[in-house]
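A.B. asks: The sequence shown begins at 1 in the UniProt record's numbering and counts up one residue at a time.
We treat Cβ as the ideally placed atom computed from N, Cα and C, and that holds for glycine.
Sending over a structure as structure tokens; questions will come in a sec.
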Amino acid sequence: MSRLAAGVVLVTAREDASEELGDLTVGEDIGMTATAFLSVSLDPPLVMVSLRNGSRMDDLLDEQPLWGVSVLSESQRHIAGRFAMKGRISDRLLFEDIPYARGSATGAPLVRGALATLECRTEQRVVAGDHTLVIGRVLTAAVPSAEGGPLVYFRGRYRTLG
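Put into structure tokens, the structure is as follows:
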């Protein structure tokens, strides 16, 4: 399967609040690089991401139905690499120097400069071997940047189309 080129996305979600400060609820942002992401349906608009069973994102999206997707550009390779690290205890520092906006429908971080951003609500979860296929209804879609080409994953490396 390493011979199948795939686009690279950052899947994000806001973990439920760990503490409350007045009216402000504080939780942690979680992110995960994914290459197994695709469009499922146009009507209704559905997308799918494949998550490793028991991963932090799989556990979070089992409880939290709202999530975001940033389609990464060729200049955002460092973001893909950062969020692809396995065994992280916390994502708090990973978002520290990455420009993002909070999605209006989900509260998930959406990377500024991404080729496209989506906000989704989980419609269905299907266990498939050692992964879970999460199908989400697209709540919002935007094209924040028309600059640059896509970041692609092929034969175990990030690449560009140029």
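Is it right to say Val143 is buried, meaning 16 or more other beta carbons lie within 10 angstroms of its own, or is it exposed?
C.D. replies: Against the sequence shown, residue 143 aligns to sequence position 143. The residue in question, Val143, is exposed, as its Cβ has fewer than 16 Cβ neighbours within 10 Å.
A.B. asks: Verify whether the separation of the beta carbon atoms of Thr33 and Gly103 is less than 9 angstroms.
C.D. replies: Looking up residue 33 in the sequence shown gives position 33. Looking up residue 103 in the sequence shown gives position 103. No; because the gap between Cβ atoms is not below 9 angstroms, this pair is not in contact.
A.B. asks: According to DSSP, what are the bridge partners of Glu15?
C.D. replies: Walking along the sequence shown from the start, residue 15 turns up at place 15. Glu15 pairs with nothing; no bridge assigned.
A.B. asks: Tell me whether the region 38-45 and the region 127-142 touch, counting them as touching only if at least three CB pairs, one residue from each stretch, are closer than 8 angstroms.
C.D. replies: They touch, by the three-pair rule.
A.B. asks: Only counting the same chain, and skipping five residues up and downstream in sequence, which positions put a Cβ closer than 7 angstroms to that of Leu161?
C.D. replies: Residue numbering aside, residue 161 sits at position 161 when the sequence shown is read from its first letter. Hits under 7 angstroms: Gly149, Pro150, Val152.
A.B. asks: What is the DSSP secondary structure of residue 164, reduced to helix, strand or coil?
C.D. replies: The displayed coordinates of the chain run from 1 to 162. Any statement about residue 164 would go beyond what the structure contains.
A.B. asks: Is the Cβ of Met48 closer than 9 angstroms to any Cβ of chain D?
C.D. replies: Chain labels in this structure do not include chain D; a single protein chain is all it has.
A.B. asks: For the beta strand (DSSP E) containing Ala80, name the first residue and the last one.
C.D. replies: Numbered from 1 along the sequence shown, position 80 holds the residue referred to as residue 80. Premise fails: Ala80 lies in the alpha helix (DSSP H), 77-83, not in any beta strand (DSSP E).
A.B. asks: When the Cα of Asp130 is compared with those of Ile98, Tyr100, Leu51, which residue comes out closest?
C.D. replies: Within the sequence shown, the letter at position 130 stands for residue 130. The candidate whose alpha carbon is nearest that of Asp130 is Leu51.
A.B. asks: Can you grab the Cα-Cα spacing for the pair Pro65 / Arg159, in whole Å?
C.D. replies: Your numbering for residue 65 matches position 65 in the sequence shown. Your numbering for residue 159 matches position 159 in the sequence shown. Looking at the two C-alpha atoms, the distance is approximately 31 angstroms.
A.B. asks: Let's test the definition: count the other Cβ atoms within 10 Å of the Cβ of Phe154 and tell me whether it reaches 16, buried, or not, exposed.
C.D. replies: Looking up residue 154 in the sequence shown gives position 154. The residue in question, Phe154, is exposed, as its Cβ has fewer than 16 Cβ neighbours within 10 Å.
A.B. asks: Tell me which residues share the same chain as Tyr100 and place their Cβ nearer than 7 angstroms to its Cβ, disregarding the 5 neighbours each side in the sequence.
C.D. replies: Position 100 of the sequence shown holds residue 100. Answer for Tyr100: Pro109, Leu110, Val111, Arg112, listed in chain order.
A.B. asks: Can you list, in chain order, the residues of its chain whose CB lies under 6 angstroms from that of Ala6, leaving out five sequence neighbours each side?
C.D. replies: Sequence index remark: in the sequence shown, residue 6 carries index 6 (1-based). Excluding sequence neighbours, Ala6 sits near Thr35, Tyr153.
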